[in-house]
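Visitor: My questions all concern the structure below.
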Amino acid sequence: FGARPSRRGTSCNKDHLAGAMSLNCCSSAPNARDMQRDGGEEEEPSQPVREPEKIVVNLYFRHFAWAYTVAFFGTLLVSGIVTFTATGYTPETDKITLFYGMFNPCIWFDHYPAKIYATTGMGIFLLIGVMYSAMVFVYVYVERRMLNVMWCGTVICFTVFVDLVFVNVFTTNLYPTEDAIHGHRRLHGVHFGANNTISLMEESELSQADISVIKLHTAFYILWVVGQLLSSFLIFNTAWERRFDWTQKEKYWIVSAYVVGWYGMMMHAAAMLIIIMHPEPKVNWYFQKDLTSILQHMLIYADAKTFTSAWGWVPIMCYRLIMPSGSGVSLTFRLERVEGDHGFVNPEHWMNRCLGAMALTLAWGGIFDTDWAGDEHAAAKLLVALRLKPYAYFGGPTFLACVIVLFVALSLQVVQRTLMNNNKVPKRFVGHALAMFVLTFSMTLVILEKAQFI
């Protein structure tokens with residue numbers, strides 16, 4: 063496997079061997095002038111060497127950035143339509159509205175069955191984000207700058223971690239009495255307590271259990287925003303060091319856009335954090351009571367005057383577009399080892415790691431579930447254990463990580479089979495790999511407590 067940054071003509075290689083793939087990293091292709099000696103003599107032409115069979119895959123940052131944005135807004139659109147047409151949503155009883163005192167787009171991710179579509183779409187969204195982060199790491203790694211690689215690796219690890227943990231926004235269940243398929247509430251005016259007891263309350267009121275779940279729900283979101291903020295610093299620095307022949311005017315607009323975006327993300331996360339740290343719902347104290355901390359008061363005031371609560375999340379969908387069209391990485395797979403490679407990549411090893419990690423995740427879920435043997439409604443006992451709290455907050459992200467590794471393993475195996483088949487794509491194998499990924503990915507819906515269809 064060889065890799066290097068790519069922009070239009072520059073590529074990076076990923077070499078493949080018959081049972082494994084060789085790994086090679088380089089920074090640029092040799093030029094004609096590099097073939098001359100210091101004394102001006104040209105090297106004697108060498109005998110032509112047979113070029114091994116190869117597959118070249120070009121991955122561009124801009125394509126993944128647009129896919130990331132489209133996946134989010136597409137999910138928002140679909141789940142929003144389902145929320146208003148097929149769920150029991152009303153502003154008077156919506157818990158997010160009751161807590162914050164205003165409309166929030168995340169409402170479209172909370173009600174059943176819209177939550178099922180939202181979890182599916184956001185899973186794809188997170189997968190694209192992880193792939194983009196991996197491309198950035200390869201892009202930086204091939205330049206052989208040790209401190210840059212260490213810094214990039216640290217930020218990417220944290221970003222991928224918070225991307226995986228973000229799935230817990232859907233693991234938290236704000237509406238335990240809703241029906242997963244039809245969307246209506248089976249028991250109006252009934253809420254489950256923290257210890258699974260039932261208490262009668264008015265639909266327009268929030269119980270303490272409701273407030274606790276909303277705060278936990280929001281905390282996962284805040285962590286994700288902080289991770290995206292750090293990622294935006296890394297990607298801006300990566301692009302700024304290369305400049306990409308930007309004009310002075312382009313540099314001005316890019317810096318201005320990023321400064322506004324950073325302000326929005328920081329204020330958005332800070333204001334949300336202050337809100338969930340307060341013991342009461344926002345609607346009960348926001349600009350009605352003085353905060354004990356002057357800093358908190360200043361942040362809340364600035365957030366209110368600049369409306370970052372409404373738009374502070376938008377820069378997250380846009381900051382990846384700084385990498386210009388044509389920049390990215392190029393992966394070249396070969397069945398034979400070539401000079402300069404850096405090791406081997408074995409698709410079977412990645413598949414074994416994926417299945418082993420998945421089995422371990424499910425096994426730990428069985429340890430946390432004391433009643434799984436007596437559950438008459440679940441066909442897959444250990445899988446359903448992933449929705450049990452508090453294990454679900456660990457098992458959900460871990461299972462999603464296994465799905466991402468499965469995507470990598472299947473992609474490598476498709477390339478391997480294609481090379482072994484004289485560069486002819488094995489369509490049946492591809493179909494089998496695609497079906498396996500889709501079915502395994504759909505299993506992440508088990509984290510939803512009302513997904514009895516799993």
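If you're matching positions, the sequence shown starts at 63 in the numbering used here and goes up one per residue. Idealized CB from N, CA, C, for every residue including glycine.
(1) Do the segment 141–155 and the segment 412–422 meet, that is, are 3 or more Cβ pairs less than 8 angstroms apart?
(2) Please look up how many angstroms separate the CB atoms of V467 and R415, rounded, as I've assumed it's under 8 angstroms.
(3) Give the DSSP-derived three-state secondary structure of L501 in the structure shown.
(4) Measuring straight from C-alpha to C-alpha, what distance separates Y531 and W426?
(5) I'd like to know if the segment 328–348 and the segment 364–384 are in contact, where contact means that at least 3 CB-CB pairs between them fall below 8 angstroms.
(6) Exposed or buried, which one is N230 when buried takes at least 16 other CB atoms within 10 Å?
(7) Applying the criterion that 16 or more other CB atoms from any shown protein chain within 10 Å of the CB defines a buried residue, is I143 buried or exposed?
(8) For the segment 143–221, which segments carrying the alpha helix (DSSP H) assignment without a break, of at least 4 residues, lie completely within its bounds, in sequence order?
(9) Nearest CA to the CA of E115: which residue from A454, S504, N484, A497?
(10) Along the alpha helix (DSSP H) that carries S473, what are the first and last residues, could you check?
(11) Note down the Cα distance separating M184 from H359, rounded to an integer number of angstroms.
(12) Take the Cβ of H279 as the centre, count every other Cβ of all protein chains shown within 10 Å, and call the residue buried at 16 or more, exposed below.
(13) Give me the Cα-Cα distance between L481 and F395, rounded to the nearest whole angstrom.
(14) Would A91 be called buried (16 or more neighbouring beta carbons within 10 Å of its own) or exposed?
(15) For D352, which residues of its own chain have a beta-carbon under 6 angstroms away from its beta-carbon, when the five flanking residues on both sides are left out?
(16) Are the segment 172–186 and the segment 122–141 in contact at 8 angstroms, needing three or more beta carbon pairs?
(17) In angstroms, rounded to a whole number, what distance separates the CA positions of G71 and E410?
(18) Run through the DSSP bridge pairs and tell me what V119 is partnered with.
(19) By Cβ distance, which residues of its chain are closer than 8 angstroms to G102, with the 5 residues on each side in sequence left out?
(20) Mapping DSSP to helix, strand and coil, what is V400?
Guide: If we stick to the structure as given:
(1) No, they do not touch.
(2) As a first step, residue 467 must be located in the sequence shown, where it is residue number 405. As a first step, residue 415 must be located in the sequence shown, where it is residue number 353. Rounded, the Cβ-Cβ distance is 6 angstroms, consistent with contact.
(3) The sequence position of residue 501 within the sequence shown is 439, counting from 1. Of the three classes helix, strand and coil, the one that applies to L501 here is helix, per DSSP.
(4) This structure does not reach residue 531, given that the chain is present from 63 up to 516, and the question cannot be answered.
(5) The segment 328–348 vs the segment 364–384: in contact.
(6) For the purposes of this step, residue 230 is taken as residue 168 along the sequence shown, with counting starting at 1. N230 should be labelled buried.
(7) By one-based count along the sequence shown, residue 143 stands at place 81. Per the 10 Å Cβ criterion, exposed.
(8) Complete alpha helix (DSSP H) runs here, min 4: 157–162, 176–203.
(9) If you number the sequence shown from 1, residue 115 lands on position 53. Looking at the Cα atoms, N484 is the closest of the given residues.
(10) One-based indexing of the sequence shown puts residue 473 at position 411. 454–482 is the span of the alpha helix (DSSP H), which, as asked, contains S473.
(11) Position 122 of the sequence shown, counted from the start, is the residue given in the question as residue 184. Position 297 of the sequence shown, counted from the start, is the residue given in the question as residue 359. A straight line joining the alpha-carbon of M184 with that of H359 spans about 34 angstroms.
(12) What you label residue 279 is simply residue 217 of the sequence shown in a count that begins at 1. Counting Cβ neighbours within 10 Å, H279 comes out buried, since at least 16 surround it.
(13) Working through the sequence shown from its first residue, we reach residue 481 at position 419. Working through the sequence shown from its first residue, we reach residue 395 at position 333. Roughly 8 angstroms separates the two Cα atoms.
(14) Within the sequence shown, residue 91 is the residue found at index 29, counting from 1. Note that A91 scores a pLDDT of 31, beneath 50, so its modelled location is shaky and nothing firm can be said.
(15) Counting from 1 along the sequence shown, the entry for residue 352 is found at position 290. For D352, where only same-chain residues beyond five positions count, there are no Cβ hits under 6 angstroms.
(16) These segments touch.
(17) Position 9 of the sequence shown holds residue 71. Position 348 of the sequence shown holds residue 410. Per-residue confidence for G71 stands at a pLDDT of 37, beneath the threshold of 50, marking its modelled position as unreliable; the derived number appears in the next sentence. Rounded to the nearest angstrom, the two C-alpha atoms are 32 angstroms apart.
(18) By 1-based counting over the sequence shown, the position of residue 119 is 57. Looking at the DSSP assignment, V119 forms a beta bridge with L393.
(19) As a working mapping, residue 102 is identified with position 40 in the sequence shown. Legend: pLDDT at G102 = 43, less than 50; position of this residue unreliable, no value from coordinates given.
(20) Mapped onto the sequence shown, residue 400 falls at position 338. It is coil, neither helix nor strand.
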